[in-house]
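Note sheet for the following structure.
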DNA sequence: TTGATATAGATGCAATTGCATATATATGCG
DNA sequence: CGCATATATATGCAATTGCATCTATATCAA
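Take a look at the structure:
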């Protein structure tokens, strides 16, 4: 009541606030739709795809857990348990990493590669439907540029 | 191997794919940073703020649960339990809704209003830091416009 | 009136996440 | 070497989420 919070703390402009609200809504809406499409096709969630994709691109189909972590949006402890599930499902294997006794290799299996391919078919269709049909390439490019600014030097 | 998946399933263009990756990354990064700022200030997570804001704007500070659901990104069963927690924390109360025996009122308390205000101070600062410092108003406006297209007619 | 169907909200249970910490190994420094 | 600190990964436990279903009430049509 007595001091002035408006000057004490910088207020985001209405444009910023609006962008934020739409960022949350759009992300949740599109992500939800894509996850739903995967589930309908009896496929695992997107996190699994991210891991499989990184592994399938890596030399010898193998990466260290921390490398997967860097390339994806997964927290260390979540990744550790996701790998447990994927291992149990036969999509990856873990091996000791000889150069460093603390390390592990995570290796994609043939089943993992084929799962990645099956998921991509559904994922690609969902992306097209939920994003591609709503933005042209110029708009998508512009969107990506603007979003890139947000991720920098967080 | 034998048929042609490229023609059978529409592939999203690289622009679309890139926009999607950046959408996920930016949202997670900014959301994570904001949540972190709230936690550091010993405040509850953003979902609580969304509910408190809607209630504080509503006539008599009260809404039906399904109205909160429509205005926020919360699923019915999650909202129900969030309201349990907020009730226990003294920020809202529930009352029977006389016109319809199935319904409830959710009413913001004074403690709820002051929590909303306290959270906004931190939230506003975080938005400014994590978004406002990275986009000017014209860019934010453009971003909001592009994202709006994504939420339409999902 | 009665039964069929719809709607509002709550809840049991399993799966996932977050948080802190554990374990094992490595590295650097006196 | 021997200790302090850092790194890679795993794990126990509590909180949150998702899913299905439940309860209660409302609506509608025969």
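Protein chains in written order, with the numbering used here: chain A, 1 to 154; chain B, 1001 to 1154.
The beta-carbon is built from N, C-alpha and C at its ideal position, and this holds for glycine as well.
Since we're looking at a predicted model, the values are computed, not measured.
query, result
"When the Cα of residue 60 of chain A is compared with those of A:123, A:147, A:111 and A:105, which residue comes out closest?", "A:105"
"Would you say residue 1055 of chain B and residue 1119 of chain B are within 7 Å of each other, going by their C-beta atoms?", "no"
"For the beta strand (DSSP E) containing residue 27 of chain A, name the first residue and the last one.", "Per DSSP, residue 27 of chain A belongs to no beta strand (DSSP E); it is in the alpha helix (DSSP H), 14-40."
"Please look up how many angstroms separate the CB atoms of residue 155 of chain A and residue 87 of chain A, rounded, as I've assumed it's under 8 Å.", "Absent from the structure is residue 155 of chain A, since the part of chain A shown begins at 1 and ends at 154."
"Are any of the Cβ atoms in chain A nearer than 7 Å to that of residue 1133 of chain B?", "no"
"Should the segment 133-142 of chain A be called in touch with the segment 72-85 of chain A, which here means at least 3 C-beta pairs below 8 Å?", "no"
"Run through chain A and tell me which residues come within less than 9 Å of residue 1100 of chain B, C-beta to C-beta.", "Result: empty, since nearest Cβ-Cβ is about 29 Å, beyond 9 Å."
"Checking contacts by CB at 7 Å: is residue 1057 of chain B closer than that to chain A?", "no"
"Can you give me the C-alpha to C-alpha distance between residue 1082 of chain B and residue 122 of chain A, rounded to a whole angstrom?", "33 Å"
"Would residue 1079 of chain B pass as an interface residue toward chain A - the criterion being a Cβ-Cβ separation below 7 Å?", "no"
"Roughly how many angstroms lie between the CA atoms of residue 53 of chain A and residue 114 of chain A, to the nearest whole one?", "11 Å"
"Does the CB of residue 30 of chain A have a neighbour CB from chain B at under 7 Å?", "yes"
"Assuming contact is defined by CB atoms lying nearer than 7 Å, are residue 1124 of chain B and residue 18 of chain A in contact in what I supplied?", "no"
"Indicate whether at least one CB of chain B lies closer than 7 Å to the CB of residue 16 of chain A.", "yes"
"Below 9 Å on C-beta distance, what does residue 36 of chain A contact in chain B?", "Near residue 36 of chain A there are no residues of chain B at all, since even the closest Cβ is about 11 Å away, more than 9 Å."
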